[in-house]
Every structure is written in C-alpha cells, then in structure tokens.
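Which chain is which? The protein sequence lines are A and L, in order.
Just so we're aligned: the first sequence equals residues 1 to 112 in the numbering used here.
Just so we're aligned: the second sequence equals residues 113 to 224 in the numbering used here.
Presented below is the structure to which this report refers.
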Amino acid sequence: KQEVTQIPAALSVPEGENLVLNCSFTDSAIYNLQWFRQDPGKGLTSLLLIQSSQREQTSGRLNASLDKSSGRSTLYIAASQPGDSATYLCAPPPTGNTPLVFGKGTRLSVIA
Amino acid sequence: NAGVTQTPKFQVLKTGQSMTLQCAQDMNHNSMYWYRQDPGMGLRLIYYSASEGTTDKGEVPNGYNVSRLNKREFSLRLESAAPSQTSVYFCASSEGTVKGYTFGSGTRLTVV
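Shown next, in the form of structure tokens:
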C-alpha cells in the first residue's frame, strides 16, 4: 500500500524567502507524481505533474523534482508571497492503474 | 469554464436520511473519483470509475454507493447517513488513472 509522508506538516516564513516542501512515498514504481494546492475551504488546484521519465517540472516560481529511486519529491517555491499561503499536497499513484494517494499536506503561511 | 462541477455545495442531513451527491465533468475524461477529506486524515478515496461502465472500491467505501451514469457523470449515494459521514466530499476526473487530476470545489456535508 502506497504511503505518503509530507514534511514539514506546517511552515511559517517571512515574505521573500525561498522554501522547500518535502514528500516521500513508499512505493517507487509510480507513473507520475502530482502536486496540488488547497486554499482554506476550497478544492484542490493542480500545480505540477511530473511524469516518471522526468526529473523535474517548473511553473513560474515553482519547481518540483522527482527521485523515484529514493521515493522522494520536493516542491521548491522561490521568492514566497503572502498569496502562496495554502496547504500543499503531493500525490503519487500506487503501482498499476490505480488512483492517487495523498499525503496530509504541508500548511504554508507566508507573512508579509 | 471547463472543469468538474459538484452539487450541492452544502448539505445538512439527519441521521438515517439518504442523499445523492452529483458530479459532472466536461473534459471528456475517462476516469472519475470520489474522495472525502477529514481534519487530520487527509484525502481518502471512497470509490472510483476507471472508465464508463466500471466502478471500484477505494480505501473507505462502507456506507456509500456510486453510479457512473455516463462518461460525464459520477454520483455518490449515502443510503442511511451517519454522523461519521460528516466530511467534505470531492469529486475528481482524469483522462486515465495515471494522468493529471482535476478536482471539483467540494460538497460540505454535515450529518446530525
């Protein structure tokens, strides 16, 4: 059974800092890994999807890397802004053609 | 706008009542999912439909039934609601179970 751990559970940083969110998973035979953002009381918004053949994906100030062999992914946020405050979730699928499994997320607060 | 639409957004039920949560997507996706989100538990898969005509149990299927009505619509039914089913329910869709997911905005259900 795929198990996903996200560290830290919560993070508070001043505006402008660069930061790294970590995700580890137990079953490394995955097809891809997706990072999501969830604002309080809202649904999930997809940020980045990394295919298993890729090592990283970039979108604006976000960069996500994937190391299947070690069962890890990191989400790097450059020059953080108060609008980045949200919960960030990583989701690797289990092996085979089965749905995403979610970590409990990292709750990020960026202080102006 | 293209996406996943869930109805209703909010619902209060009495213990023992039944209801159906509706989900529709207009992206021609093959796969659809129902997750629930509880504080401290993260997102857990209830049921999914890998393609039209198929449904499978997820991690927490007890007390729920689903119907893949057609390619666009996937409903979740609570036959006899219990307080333990108080949660936020999210529907999602993807081209396939190993493709990127799109989530609806959620249904906040309270069972009293």
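We put the beta carbon where it would ideally sit given N, CA and C, even for glycine.
Judged by DSSP in its simplified three-state form, Ser24 of chain A adopts strand. For Gly208 of chain L, there is no enclosing beta strand (DSSP E), as DSSP marks it with neither H nor E. Close to Pro40 of chain A, with beta-carbon spacing below 8 Å, lies no residue of chain L; the smallest spacing is near 11 Å. With fewer than three CB-CB distances shorter than 8 Å, the region 103 to 111 of chain A does not count as touching the region 188 to 198 of chain L.
Taken atom to atom, the span from the alpha-carbon of Ile7 of chain A to that of Val124 of chain L is near 35 Å. Under the DSSP assignment, Glu164 of chain L falls outside any beta strand (DSSP E); it carries neither an H nor an E label.
Asn63 of chain A has a beta carbon lying at 9 Å or more from every beta carbon in chain L. A distance below 9 Å separates the beta carbons of Gly115 of chain L and Met139 of chain L. Taking a Cβ-Cβ cut-off of 9 Å, the neighbours of Tyr145 of chain L in chain A comprise Pro99 and Leu100, given in sequence order. Measuring C-alpha to C-alpha distances from Glu3 of chain A to each of A:Ala64, A:Glu17, A:Thr58 and A:Cys23 identifies A:Cys23 as the nearest.
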